[in-house]
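For reference, the structure is listed below as structure tokens.
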Amino acid sequence: MRLDKILADSGYGSRKEVKSLLKQGLVFVNGEKVLQAKLQLDPEKDEIVVNGEILTYKKEIYLMMNKAAGVLTATRDNSQATVLDDIDPIYRRKELYPVGRLDKDTTGLLLLTTDGQLGHRLLSPKWHVEKEYQALVKGPLPTDACQRFASGMTIDGGEICRPARLVLTEKAETVPYQVVYISLTEGKFHQVKRMVKALGSEVLALKRVSMGSLKLDPQLKAGEYRELTQKELRDLSNNMV
Ligand code: URA
25 MRLDKILADS
35 GYGSRKEVKS
45 LLKQGLVFVN
55 GEKVLQAKLQ
65 LDPEKDEIVV
75 NGEILTYKKE
85 IYLMMNKAAG
95 VLTATRDNSQ
105 ATVLDDIDPI
115 YRRKELYPVG
125 RLDKDTTGLL
135 LLTTDGQLGH
145 RLLSPKWHVE
155 KEYQALVKGP
165 LPTDACQRFA
175 SGMTIDGGEI
185 CRPARLVLTE
195 KAETVPYQVV
205 YISLTEGKFH
215 QVKRMVKALG
225 SEVLALKRVS
235 MGSLKLDPQL
245 KAGEYRELTQ
255 KELRDLSNNM
265 V
């Protein structure tokens, strides 16, 4: 891998900024000062020191975010805040992207990664990875709401959904509002909101709480993120072999 890519991937700025670091003689490889951006290296074997700091190269990045409401799930936007805006430069590679889309007003678990293969598998209907949502819905709900979810609902325009799970926290027909848990193995556009609407109800707040084995860390405040632990990553990958 080229030295300038390793440095840019590790948060030392754009390729242009990295070239300037090299020109200033601030980069050492295996103890030797290096000026050449094109130098081919193995970031896991060669020792790279930048401005006195040893660089630890991460091959792939895996971040768990608690997405805040009001933020777009996109890599960039000209006028609105996106989930990537506040990510630390050490993680900001051009390959970093959010796995799946949460609506602007939806909160909760969002995985950001550079690992395209894992991201693809988590979303592909072939792999049936379950995504669980907590929703505040307007009641009362029909008494057969859970059966309708389980048998595969048809939503507006005739789209057929895979069987899904609806878990109520109150009796369906008795309360004006209630928290429900909805688990899906696919990701149609606005799917939770459209399924709840098909029941004659409405989603008032929506939060994703898990994706396969990955559970939203309750310590993460809205907008905060952290790297996945080794165990979380192992469990997530093992789910899919
Ligand atoms: N379903 C929705 O309706 N919205 C989301 O953000 C995610 C799932």
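Per my numbering, the sequence shown starts with residue 25, numbered consecutively. We put the beta carbon where it would ideally sit given N, CA and C, even for glycine.
Contact test: residue i Cβ vs the ligand URA heavy atom, cutoff 7 Å
i	result
Gln158	no
Lys217	yes
Thr131	no
Leu230	yes
Leu223	no
Leu134	no
Leu126	yes
His152	no
His144	no
Neighbourhood of residue i by C-beta distance below 7 Å, restricted to the same chain and skipping five residues each side
i	result
Asp33	Arg117
Ile85	Tyr115, Arg117, Leu120, Thr137, Thr138
Nonlocal neighbours in the same chain, by C-beta distance under 6 Å from residue i, ignoring five residues either side
i	result
Pro164	Glu197
Val220	Val161, Val227
Glu210	Pro149, Arg186
Thr130	Leu230
Pro122	Thr97, Val107, Leu134, Leu136
Residues sharing a beta bridge with residue i, DSSP
i	result
Ala159	Val204, Leu230
Asn90	Leu133
Thr106	Leu96
Lys195	In DSSP, Lys195 forms no bridge with anything.
Gln64	Arg26
Leu142	The partner list for Leu142 (beta bridge, DSSP) is empty, contrary to what the question assumes.
Ile78	Val73
Counting Cβ pairs closer than 8 Å, one from the segment 172-190 and one from the segment 226-239, do we hit at least three?
Remark: fewer than three beta-carbon pairs, one from each stretch, lie closer than 8 Å, so the segment 172-190 and the segment 226-239 are not flagged as touching.
At a cut of 8 Å, does the segment 65-84 reach the segment 92-109 through at least three beta carbon pairs?
At 8 Å Cβ cutoff, the stretches do not touch.
Pairing CB atoms from the segment 105-112 with CB atoms from the segment 51-61, are three or more of them under 8 Å?
Three or more beta-carbon pairs separated by less than 8 Å are not found between the segment 105-112 and the segment 51-61, which leaves the two stretches without contact.
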